[in-house]
Amino acid sequence: MTEAARDDGAGESTVTVIVAALANLGIAVAKAVAGVISGSSAMLSEAAHSVADTVTEVLLLTALKRSAKPADEEHPLGYGPERYIWAMLAAVATFVGGAVFSIYDGVHTLVAGEELGDPLVSYVVLAVAFLLEGYSLRTGVRQARGEAARIGAPFKRYLRHTPDTAVKAVVLEDSAALVGLVLAAGGLLGGQLTGSGVWDAVASLCIGLLLLYVAWVLGRSNAELLIGRPLPKAVRDGIRAELLAVEHVEAVLELTTLVQGPREALVAAKVDFRDMSTAAQIEWACEQAEQRLREAFPAVSRVYLDPTPGHARRRAEGLNPWP
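Here the sequence shown is numbered in UniProt numbering, starting from 1 and rising by one per residue.
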C-alpha cells in the first residue's frame, strides 16, 4: 500500500473522530444544563456519557497523530501500535467517566430520591442530541462501510474485526449514545407520568450498564491488538499460496503475521528454497515474493523471508531429515 493510501485512510479517520468530538462536546454542555434544570439523574448520566465520549475522541485524535509518525532508528517498525495504547485509555475513560458515574447516580437516586423539575428543556436537548449523534454515527458508518467494501468484507464482520479502533470506537459510542438518549427520554417520561424518580434512576443504571459493555468491547479489541493479532486465517492462507507460487520456493515452513495498524501488517516466513537454486536466484525469488504479497495484499507493509532448509526443520522435530 502506498503512503498516499495510508494517509487517506488516516485522514478519513481523523475527520470521523473530529465530527464526533465536536458533536459530543456541544451535547455534553446542553445535557448538563438540562439535567440541572429538570433534576433528572438520567440527563446528568447522559451528560457524563457525552463528556466521556468527548475525552475519548481527544484520546483517539492523539492516537491517530502519534501512530502516523514515520519509522525511525529508535522505532524501526514505526509507531502504528501506539494508537492502541491511546485507544485503550479511551476505553478506560468511557468506563470511568461514563459508566461509573451513571451507575452511581442511578443508585443514589434510588436510595435518596429526586425532585423532578420541568422536563421540557430536557426533551428539547434530547431531540437535538439525537440529531447530532445520528449525524456523527452516519459519518462513522459511512467510513466503515467504505472500508468494508474496499476489502470485500461484510459490514458487521468488518466492524467486529477491524484494526481501525478509532472508527470502531466512534460507531460503537455513537450507537450507544442514541440508545442512551432513548433510555433517558423513557426515564423522563416515566417520571412525568408517575411522579416517581424510580424511572429516571433505572434509566441512569441502564445507561451505565450500556457504557460498561461498550468499554469492555473496545478494551478487549485494543488488548488483542496490543498483545499481537495475526491477519485473518483466509489472508494467511492466501499469503502462503502466493509464496508457494514463487519460482524456486519448495515449502513455507513457518508463517508469522502481525497487524501493526489499520492498513499495516508484517509478514515473516521461514521458506525452504530448492536445493539447486543459486544465491542470486534465491535473492530474486525473495524480491518477487515481496512484490507479489504487496500487490495481492496492500496492507502488507513489511516482508521478511528467512531461507531455511527443510531438512533442518525435520531434524528439529525429531524426524528423518532425508525422507
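For every residue, glycine included, the Cβ atom is placed at its ideal position computed from N, Cα and C.
Cβ distance (whole Å) where A176 is taken to contact L211 below 8 Å: Position 176 of the sequence shown, counting from 1, holds the residue named residue 176. Position 211 of the sequence shown, counting from 1, holds the residue named residue 211. Cβ-Cβ separation between A176 and L211: approximately 7 Å, consistent with a contact (criterion under 8 Å).
Assigned secondary structure, S40 (DSSP; H/G/I helix, E/B strand, else coil): Along the sequence shown, read from residue 1 onward, the residue named residue 40 stands at position 40. Looking at S40 - three-state DSSP - the assignment turns out to be coil, as it is neither helix nor strand.
Rounded C-alpha distance that separates R240 from Q143: Within the sequence shown, residue 240 is the residue found at index 240, counting from 1. Within the sequence shown, residue 143 is the residue found at index 143, counting from 1. Distance between the alpha carbons of R240 and Q143 is about 30 Å.
Residue environment, L193, which counts as buried when at least 16 other CB atoms sit within 10 Å: Position 193 of the sequence shown holds residue 193. With fewer than 16 other Cβ atoms within 10 Å, it is exposed.
Bridge-paired residues (DSSP) for F273: Reading the sequence shown from its first residue, position 273 is the one you call residue 273. Beta-bridge analysis with DSSP links F273 to V249.
Contact under 9 Å by Cβ, G106 with A203: Numbered from its first residue, the sequence shown carries residue 106 at position 106. Numbered from its first residue, the sequence shown carries residue 203 at position 203. Yes, they are a contact pair.
Y304: first and last residue of the uninterrupted alpha helix (DSSP H) it sits in: Position 304 of the sequence shown, counted from the start, is the residue given in the question as residue 304. Premise fails: Y304 lies in the beta strand (DSSP E), V300 to P307, not in any alpha helix (DSSP H).
CB contact flag (S38, T109, <9 Å): Here residue 38 corresponds to residue number 38 of the sequence shown, with the count starting at 1. Here residue 109 corresponds to residue number 109 of the sequence shown, with the count starting at 1. Not a contact, by the Cβ cut-off of 9 Å.
Residue span of the alpha helix (DSSP H) that contains G186, given as start and end: For the purposes of this step, residue 186 is taken as the residue at position 186 of the sequence shown. Counting along the chain, the alpha helix (DSSP H) containing G186 begins and ends at T165 to T194.
F155 - containing alpha helix (DSSP H), residue span: Against the sequence shown, residue 155 aligns to sequence position 155. That run of the alpha helix (DSSP H) goes F155 to H161.
CA-to-CA distance, Y79 to K69, given in whole angstroms: For this step, residue 69 is matched to residue 69 along the sequence shown. For this step, residue 79 is matched to residue 79 along the sequence shown. Distance between the alpha carbons of K69 and Y79 is about 6 Å.
Spatially closest choice to W199 from A30, L22, M43 and P232, by CA coordinates: Numbered from its first residue, the sequence shown carries residue 199 at position 199. Cα-wise, what sits closest to W199 is M43.
Cβ-Cβ separation, V167 to G140 (assumed contact under 8 Å), whole Å: One-based indexing of the sequence shown puts residue 140 at position 140. One-based indexing of the sequence shown puts residue 167 at position 167. Contact flag correct, Cβ pair sits at about 6 Å.
Residues bridged to V259 (per DSSP): In the sequence shown, residue 259 corresponds to position 259, counting from 1. Beta-bridge pairing by DSSP links V259 to A265.
Spatially closest choice to T16 from L126, L244 and L137, by CA coordinates: As a working note, residue 16 is residue 16 in the sequence shown. For the residues L126, L244 and L137, the minimum Cα distance to T16 belongs to L137.
Span separating the alpha-carbon of A32 from that of P163: On the sequence shown, position 32 is the one that residue 32 refers to. On the sequence shown, position 163 is the one that residue 163 refers to. Distance between A32 and P163, taken at the CA atoms: about 34 Å.
Backbone secondary structure at E287 - three-state DSSP: To locate residue 287, count along the sequence shown from 1; it is residue 287. Note: E287 maps to helix in three-state DSSP.
Coil, strand or helix - E224 by DSSP: Here the question's residue 224 lines up with position 224 in the sequence shown. Helix at E224.
Residue span of the alpha helix (DSSP H) that contains residue 340, given as start and end: Given a span of 1 to 323 for the chain in the structure shown, any question on residue 340 remains unanswerable.
Residue closest to G98, alpha-carbon to alpha-carbon, out of G180, A285, G310 and A280: Translated into positions along the sequence shown, residue 98 becomes position 98. The option with the nearest alpha carbon to G98 is G180.
Anticipated Cβ contact below 8 Å, L258 with P230, distance rounded: In the sequence shown, counting from the first residue as 1, residue 258 sits at position 258. In the sequence shown, counting from the first residue as 1, residue 230 sits at position 230. Contact holds; Cβ gap of about 7 Å.
Bounding residues of the alpha helix (DSSP H) (the contiguous stretch that carries D105): By one-based count along the sequence shown, residue 105 stands at place 105. Taken as a continuous stretch (DSSP letters only), the alpha helix (DSSP H) holding D105 covers F101 to A112.
Cβ contact (3+ pairs, closer than 8 Å) linking the segment 43-58 and the segment 82-98: yes
Where E295 falls: helix, strand or coil (DSSP): The count along the sequence shown starts at 1 and reaches residue 295 at position 295. Assigned with DSSP and collapsed to three states, E295 falls in helix.
With 16 other Cβ atoms within 10 Å as the buried cut-off, status of P165: As a working mapping, residue 165 is identified with position 165 in the sequence shown. According to the sequence shown, residue 165 is Thr rather than Pro. Answer is buried; the Cβ neighbour count reaches 16.
C-alpha distance - T278 paired with V303, whole-angstrom precision: Position 278 of the sequence shown, counted from the first residue, corresponds to residue 278. Position 303 of the sequence shown, counted from the first residue, corresponds to residue 303. Answer to the nearest angstrom: the Cα atoms are 21 Å apart.
Distance, L59 Cα to C206 Cα: What you label residue 206 is simply residue 206 of the sequence shown in a count that begins at 1. What you label residue 59 is simply residue 59 of the sequence shown in a count that begins at 1. About 25 Å.
Coarse secondary structure for E254, derived from DSSP in three states: What you label residue 254 is simply residue 254 of the sequence shown in a count that begins at 1. If DSSP states are grouped into helix, strand and coil, E254 belongs with the strands.
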